[in-house]
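Notes follow the structure.
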Ligand SMILES: [Zn+2]
């Protein structure tokens, strides 16, 4: 049985299909050492999804032998777009397509149901916070970092003095939609890449799975006629296969990842001149690939990050650790920090 002073916080990472849960005690020790997932039922709307989160919380408490009364605060993270305080955008999104989600106060809804304080972050920011804490440990509050996580889009976050920069409207750290110079990055005759957000030539238009499908693959397939990837049913299917080709050293795939590494390096160069962080984290499938390919990619990103000599001496380039658990763990750290700040 937990005593009065042995309270914990719970981290709940809400995804399109699964919830991932973890428990963090007051001494910053995780009581769960692996991925524990339950169905998120997000597509069935907010009422069902909130009940699914309650089940995820009860399940993780049961597994760790912690009583519900010992939970002081819950950290919740989900994909965006949402406000800093967890209100889902009114125009809806891929992940929250059910009508009930439009303008729904996700954080407030879970808080009311649990009768416990709930702290919200978007999943990229939560993962960035986790990477920062793993890297700097007890010194986290004295350092800053920037994380770029390549997935369907390009997510991540900016951490300053150990805290997530959220911005006035909760829209800080949207690294995917930062414009980068395209000169020297695009191939001959390659059209300016378009992003789902409406911008042309931002980081996500290159460094994301969507960018591969919509912009990079269509161009490079014209340059590599008869490439096997051109014979795959659709561009969406072919885009998902590019990484495995990259791991094998395929020339077309390497061209694509070369451009992605350059885009991320240019983003990090902007970060270097903006907040001059101590660490640059890179996450996503591309760095969870075969070690030789991962090292090649990281080296290319680093090469394309233009740092001044003083910056290069102190900068750390790392991979976001345990990306599958990073959201839940970051959400839990944010919850613990909220308690300490009170
Ligand atoms: Zn964009």
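In our numbering, the protein residues as written are 3 to 344. Don't be surprised by glycine CBs; every beta carbon is placed ideally from N, CA and C.
Express the C-alpha separation of residue j and residue i in angstroms, rounding to a whole number.
{"i": "residue 184", "j": "residue 308", "result": "15 Å"}
{"i": "residue 148", "j": "residue 270", "result": "8 Å"}
{"i": "residue 115", "j": "residue 109", "result": "10 Å"}
{"i": "residue 217", "j": "residue 18", "result": "25 Å"}
{"i": "residue 206", "j": "residue 213", "result": "6 Å"}
{"i": "residue 317", "j": "residue 86", "result": "29 Å"}
{"i": "residue 78", "j": "residue 38", "result": "15 Å"}
{"i": "residue 101", "j": "residue 126", "result": "24 Å"}
{"i": "residue 303", "j": "residue 72", "result": "44 Å"}
{"i": "residue 263", "j": "residue 52", "result": "38 Å"}
{"i": "residue 247", "j": "residue 83", "result": "32 Å"}
{"i": "residue 43", "j": "residue 21", "result": "9 Å"}
{"i": "residue 335", "j": "residue 222", "result": "42 Å"}
{"i": "residue 229", "j": "residue 154", "result": "23 Å"}
{"i": "residue 225", "j": "residue 235", "result": "19 Å"}
{"i": "residue 254", "j": "residue 315", "result": "34 Å"}
{"i": "residue 63", "j": "residue 275", "result": "44 Å"}
{"i": "residue 59", "j": "residue 29", "result": "20 Å"}
{"i": "residue 323", "j": "residue 298", "result": "18 Å"}
{"i": "residue 203", "j": "residue 257", "result": "17 Å"}
{"i": "residue 140", "j": "residue 281", "result": "15 Å"}
{"i": "residue 260", "j": "residue 210", "result": "13 Å"}
{"i": "residue 278", "j": "residue 144", "result": "13 Å"}
{"i": "residue 252", "j": "residue 244", "result": "9 Å"}
Return the chain-ordered list of same chain residues with a C-beta closer than 7 Å to the C-beta of residue i, the five sequence neighbours on each side being excluded.
{"i": "residue 113", "result": "119 and 120"}
{"i": "residue 311", "result": "none"}
{"i": "residue 306", "result": "263, 264, 267 and 268"}
{"i": "residue 177", "result": "150, 156, 158, 205 and 269"}
{"i": "residue 57", "result": "40"}
{"i": "residue 300", "result": "284, 289 and 319"}
{"i": "residue 50", "result": "43"}
{"i": "residue 313", "result": "274 and 278"}
{"i": "residue 136", "result": "323"}
{"i": "residue 220", "result": "237"}
Under 8 Å Cβ to Cβ from residue i, same chain only, skipping five residues before and after it: list those, please.
{"i": "residue 105", "result": "89, 90, 91 and 92"}
{"i": "residue 272", "result": "180 and 182"}
{"i": "residue 61", "result": "23, 38 and 40"}
{"i": "residue 199", "result": "178, 179 and 206"}
{"i": "residue 99", "result": "45"}
{"i": "residue 196", "result": "202, 207, 216 and 217"}
Give every residue of the same chain whose Cβ lies closer than 6 Å to the Cβ of residue i, excluding the five residues on either side of it in the sequence, and list them in chain order.
{"i": "residue 325", "result": "285"}
{"i": "residue 231", "result": "240"}
{"i": "residue 12", "result": "25, 59, 73 and 76"}
{"i": "residue 81", "result": "97 and 125"}
State yes or no: is the C-beta of residue i nearer than 7 Å to some heavy atom of ligand 2?
{"i": "residue 158", "result": "Among the ligands present in this structure, namely ligand 1, ligand 2 is not found."}
Inter-stretch contact at 8 Å, needing at least 3 Cβ pairs: the stretch 158-169 / the stretch 180-197: no
Three or more C-beta pairs below 8 Å linking the stretch 286-293 and the stretch 168-179: no
Residues proximal to ligand 1 by C-beta, any heavy atom closer than 5 Å: 179, 197, 199, 201, 204 and 206
Beta strand (DSSP E) runs contained entirely in the stretch 293-322, provided each spans 3 or more residues: 318-321
Ranges of the beta strand (DSSP E) found wholly within the stretch 75-141, counting only runs of at least 3: 120-124
Validate contact between the stretch 52-67 and the stretch 29-36 using beta carbons, cut 8 Å, 3 pairs: yes
Inter-stretch contact (C-beta, 8 Å, three-pair minimum) for the stretch 122-139 and the stretch 325-343: yes
Uninterrupted alpha helix (DSSP H) stretches inside the stretch 142-193 (no shorter than 4 residues): none
Those runs of the alpha helix (DSSP H) which lie wholly inside the stretch 191-259 and span at least 4 residues: 219-225 and 237-249
Segments of 3+ residues assigned as beta strand (DSSP E) that fall wholly inside the stretch 15-68: 20-27 and 39-41
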